[in-house]
Amino acid sequence: AQTVTQSQPEMSVQEAETVTLSCTYDTSESDYYLFWYKQPPSRQMILVIRQEAYKQQNATENRFSVNFQKAAKSFSLKISDSQLGDAAMYFCPRGCFGNEKLTFGTGTRLTIIP
Amino acid sequence: KAGVTQTPRYLIKTRGQQVTLSCSPISGHRSVSWYQQTPGQGLQFLFEYFSETQRNKGNFPGRFSGRQFSNSRSEMNVSTLELGDSALYLCASSRGQGFNEQYFGPGTRLTVT
């Protein structure tokens, strides 16, 4: 089975500090996409950032950046200057080109300490 | 641009009943996917519809079905409800061109008693 693994069930970070969430995946596909979504207590799933596997450059979106290591099948999310609003469950689903299905991991619950 | 909307937001049903959930995608999006989220199984893909056709299906029993209308709105139906069907059902829409960038609705919380 092609899986996504998030080995950190819970993480916490002091407000304004930096935190990195880990994600590894398994795939036999050559063309795929990786995403980070956040799901705050409201349960609305929000897209944070995306990475195309064919791109070597790591994606960045304001305070959010990824470290994509294709050979290691690793895809971590770095959140800089953490804010209270960043508190949420974070998921890193994988998708394959031509197929809208996203495969999710179990998520990491991020707590921001004021 | 309006986001993905789902109705109803909350639903309580009894075992054996059936239920229909509705999803309206973002304007211009032709693909609608459905996911089930439970504490035990996490987020699992149910199915995806594109241009009124089911294009992909997850590993769920036949009690779970769906359809898509010409305006891209989608419904999913669960027949003969079981206690284990209690979950948050999330709908996501995308342009359907295979780039997977999906936008999720707020979900429908289904409780089966």
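Here the protein sequences come in this chain order: A and B. Going by the working numbering, the first residue of the first sequence is number 1, and it counts up by one from there. Going by the working numbering, the first residue of the second sequence is number 115, and it counts up by one from there. The C-beta atom is built at its ideal place from N, Cα and C for all residues, glycine as well. Treat the numbers as computed from the prediction; the structure is a model and nothing was measured.
Proximity of residue i and residue j at Cβ, strictly below 7 angstroms
i: E162(B); j: S186(B); result: no
i: A201(B); j: Q151(B); result: yes
i: F164(B); j: G210(B); result: yes
i: C92(A); j: W36(A); result: yes
i: K70(A); j: Y25(A); result: no
i: I112(A); j: D86(A); result: yes
Identified DSSP bridge partners for residue i
i: E61(A); result: F64(A)
i: E17(A); result: In DSSP, E17(A) forms no bridge with anything.
i: T119(B); result: S138(B)
i: Y54(A); result: Answer is none; Y54(A) lacks a bridge partner.
i: Q151(B); result: L157(B), L202(B)
i: G95(A); result: Y33(A), L102(A)
i: T108(A); result: Y90(A)
i: L195(B); result: Answer by DSSP bridge pairing: none, since L195(B) is not bridged.
i: V146(B); result: Y163(B), S207(B)
i: L125(B); result: L224(B)
i: E10(A); result: R109(A)
Own chain residues within Cβ distance below 8 angstroms of residue i, not counting five before or after
i: S65(A); result: I49, N58, A59, L77, K78, S80
i: Q61(A); result: Residue identity check: residue 61(A) is Glu in the sequence provided, not Gln. Cβ neighbours of E61(A) beyond the five flanking positions: V48, I49.
i: L157(B); result: Y149, Q150, Q151, L204
i: S7(A); result: S22, T24
Cβ shell of residue i (< 7 angstroms), same chain only, five flanking positions each side left out
i: F104(A); result: V4, F91, P93
i: Y32(A); result: A53, R94, G95, C96, F97
i: G130(B); result: T194, L195
i: G221(B); result: Q120, L202, Y203, L204
Residues near residue i in its chain [Cβ-Cβ closer than 6 angstroms; skip 5 each side]
i: M89(A); result: Q39, G107, R109
i: R223(B); result: Y124, L202
i: N191(B); result: T134, S179
i: A16(A); result: D81
field: Contiguous beta strand (DSSP E) assignments of at least 3 residues, all confined to the segment 164-188 of chain B
entry: 167-171, 178-182
- prompt: Closer than 9 angstroms, Cβ to any Cβ of chain B: which residues of the segment 95-106 of chain A, in chain order?
  reply: Answer set for the segment 95-106 of chain A: G95, C96, F97, G98, N99, E100, K101, L102, T103, F104, G105, T106.
task: Check distances from the C-beta atoms of the segment 40-70 of chain A to those of chain B and list, in chain order, the residues that come in under 9 angstroms.
output: S42, R43, Q44, M45, I46, L47, R50, E52
- prompt: Of all the residues that make up the segment 181-202 of chain B, which are near chain A by a beta-carbon distance shorter than 7 angstroms?
  reply: L202
- prompt: Any residues in the segment 12-31 of chain A with a beta carbon nearer than 7 angstroms to a beta carbon of chain B? Which ones, in chain order?
  reply: Of all residues in the segment 12-31 of chain A, none has a C-beta nearer than 7 angstroms to a C-beta of chain B.
The segment 205-218 of chain B: positions lying closer than 8 angstroms to chain A by Cβ: Contact residues of the segment 205-218 of chain B toward chain A are A206, S208, G210, G212, F213, N214, E215, Q216, Y217, F218 (C-beta to C-beta distance below 8 angstroms).
task: Return the residues of the segment 68-91 of chain A that lie within a Cβ-Cβ distance of less than 8 angstroms from chain B, sorted by chain order.
output: F91
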